[in-house]
Amino acid sequence: MTAVQGITVAVAREAAPGERRVAATPETCKKLTALGAQVRVQRGAGLAAGFTDDAYASAGAQLAEDAADTLGQADLVLCVQPQASTLSQLKQGAVVVGMLAPQADPARGEAIGARQLIAFPLELLPRTTRAQAMDILSSQAGMAGYKATLIAAQLAPRFFPMLTTAAGTIRPSKVLIVGAGVAGLQAIATAKRLGAQVEGFDVRPETREQIESLGGKFLDLGVSAAGEGGYARQLTDEERALQQQRLADHLKTVDVIVCTAAVPGRPAPKIITAAMVAGMKPGSVIVDLAAETGGNCELTRPGETVDSGSGVAIAGPLNLASMGAVHASEMYARNLLNFVSLFVKDGAIAFDWNDELLAKTVWPRHDDAPGAAAANAPQRAG
Ligand code: NAD
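Residues are numbered in our numbering as their position in the sequence shown, beginning at 1, plus a constant of 360.
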């Protein structure tokens, strides 16, 4: 164990385009202060998420003018998705926690290395029961799934619920959610609340019960891809062909598709082909939440809404969690507070590298047993 006393925790305004979330709320600032930390927040850091400077000041935070002033002397920096230029402003050996994705962005990885930061990319956190309260993938996916269904409802040229009106009866929309992980299940729940007829489709058979418990119908295409640790494995070529033929036939009957399928560490599986889209009814809508990693639909263009040419609208929205910045930030900030509570105590930073949540999340990653990771883990300077 190594320790630093009287630490400063810093939260700067997010600089990535379109990022509205903030890594600490007034509520979590108060709790960080109770852990003995001095919290510094850049003016305006929480505004896009609805948190004013006054609210942070009332919660005990010091306000700083710019990013350099906020970050320069911080021992611990909390962030959402920092740019490499932000990481370069941190002091040598500082601790940084957030969606750092160092492998996805080499510049960020290099900045972490150059400043010898002790980095915790929280997307690497093991998804154990103990880690649930720190699981940013789950909390942010919940918001993304919710928003994806609302975008679909907005784009669809029809009602979602069944309506009995003086002008006749309106049939409910048929909504299919592809991928029933955290985002998919929230998308199903949201579509159901809007009154649609909802189906869920996933290659993991255990999702049947989860889909049904939300009032959805499990779309059984007769192909299972149950993998290790609760995640999906890649399908074989034959399995994929069978799945696709059956899916193509089924898609001719649906009005709305929300795609959320993912395989960790890989590009999104291409599930909906251009030919399948051509077979869909004009006026149908596809919202591809997997656009971030390439999309589940062949025709998805990340960040755009396009027409298939046959009257099907295909949206590939990015960073959906940021659209719900208030609640997404509240959940994200609590996830971070719970994580840093593993090593911030009595105003000091002290890492127990035998704790697998620390040893397996620190980057560069240590895939060895926690004991072996302790030997490899970086030592805190100072
Ligand atoms: P994810 O975002 O990696 O994937 C989303 C879904 O896509 C998954 O359900 C996956 O099975 C599905 N999928 C992959 N390939 C597909 C294909 N070709 N066709 C259809 N669907 C496909 O997953 P996630 O939402 O981050 O989490 C998935 C699961 O992980 C959860 O449902 C849960 O079982 C587990 N999990 C556990 C914990 C925990 O214990 N702390 C926390 C979160 C998630």
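Beta carbons are placed, not taken as given, at the ideal position from N, Cα and C, and that holds for glycine.
Judging by CA-CA distance, which residue of the options is the nearest neighbour of residue i?
| i | options | result |
| --- | --- | --- |
| P442 | A424, E379 and Q398 | E379 |
| I537 | K552, T525 and P662 | K552 |
| R568 | E652, G555 and V583 | V583 |
| A747 | A516, A464 and A527 | This structure does not reach residue 747, given that the chain is present from 361 up to 742, and the question cannot be answered. |
| S761 | R373, A608, G366 and A394 | Absent from the structure is residue 761, since the part of the chain shown begins at 361 and ends at 742. |
| G625 | T613, T525, E483 and L602 | E483 |
| P743 | K720, E690 and S682 | With the chain covering only 361 through 742, there is no way to say anything about residue 743. |
| G620 | I631, D706, G671 and G406 | Just to set this straight, residue 620 is Thr in the shown sequence, not Gly. When each option's Cα is compared against that of T620, the closest is I631. |
| S533 | G544, Q492, H687 and Q514 | Q514 |
| G432 | V440, D414, A454 and Q422 | A454 |
| R381 | V440, L436 and G396 | V440 |
| L447 | P565, A464, E425 and E470 | E470 |
| S689 | L497, V542 and L595 | L497 |
| Q476 | T489, L485, K451 and R487 | K451 |
| Q500 | A383, G473, D413 and I530 | A383 |
| G366 | E652, L436 and A424 | L436 |
| L678 | V686, G654, H687 and A491 | G654 |
| A540 | L579, P662 and M459 | L579 |
| A708 | L717, L392, P724 and A375 | L392 |
| R593 | Q605, Q604, A622 and L574 | A622 |
| P724 | N714, Q463, T488 and A375 | Q463 |
| T613 | M522, E664, M640 and T525 | M640 |
| A634 | S668, R487 and Q605 | S668 |
| T412 | E658, V686, A526 and G528 | V686 |
| M459 | F711, E374 and E664 | E374 |
| S670 | L659, T525 and E664 | L659 |
In the DSSP output, what is residue i paired with across the bridge?
| i | result |
| --- | --- |
| A638 | Bridge partners of A638: none, in fact. |
| V399 | V369 |
| Q422 | R400 |
| T596 | BP columns for T596 are empty, so no partner. |
| T412 | Note: T412 sits in no beta bridge, so no partner. |
| D648 | C619 |
| A719 | The partner list for A719 (beta bridge, DSSP) is empty, contrary to what the question assumes. |
| V704 | I709 |
| I496 | None; I496 has no bridge partner. |
| I632 | C657 |
Please state whether the Cβ-Cβ distance between residue i and residue j is less than 8 Å.
| i | j | result |
| --- | --- | --- |
| V563 | V535 | no |
| I646 | I617 | yes |
| V371 | A409 | no |
| V368 | Q402 | This sequence places Thr at residue 368; Val is not what is there. Going by C-beta atoms, T368 is not nearer than 8 Å to Q402. |
| A508 | L649 | yes |
| P629 | N656 | yes |
| A479 | V637 | no |
| G560 | G505 | no |
| D320 | S644 | Outside the displayed span of the chain (361 to 742) sits residue 320, for which this structure offers no information. |
| A549 | P565 | no |
| Q546 | G502 | yes |
| A421 | T430 | no |
| Q449 | A415 | no |
| N698 | A493 | yes |
| L581 | L607 | yes |
| A461 | P481 | yes |
| A651 | P662 | yes |
| L717 | L485 | yes |
| D706 | G473 | no |
| L611 | Q603 | no |
| M522 | I530 | yes |
Q: Pair every Cβ in the segment 699-713 with every Cβ in the segment 659-678, then say whether three or more of these pairs are closer than 8 Å.
A: no
**Three or more C-beta pairs below 8 Å linking the segment 379-393 and the segment 687-695** = With the cut-off at 8 Å, the segment 379-393 and the segment 687-695 touch.
Exercise for review: Entirely within the segment 520-594 and at least 3 residues each: give me those beta strand (DSSP E) ranges in chain order.
Suggested key: 523-525, 528-530, 534-538 and 557-561
Mind pulling the beta strand (DSSP E) runs of 3 or more residues that sit fully within the segment 424-487? 436-438, 455-458 and 478-481
Any alpha helix (DSSP H) of 4 or more consecutive residues that is wholly inside the segment 651-690: 680-683
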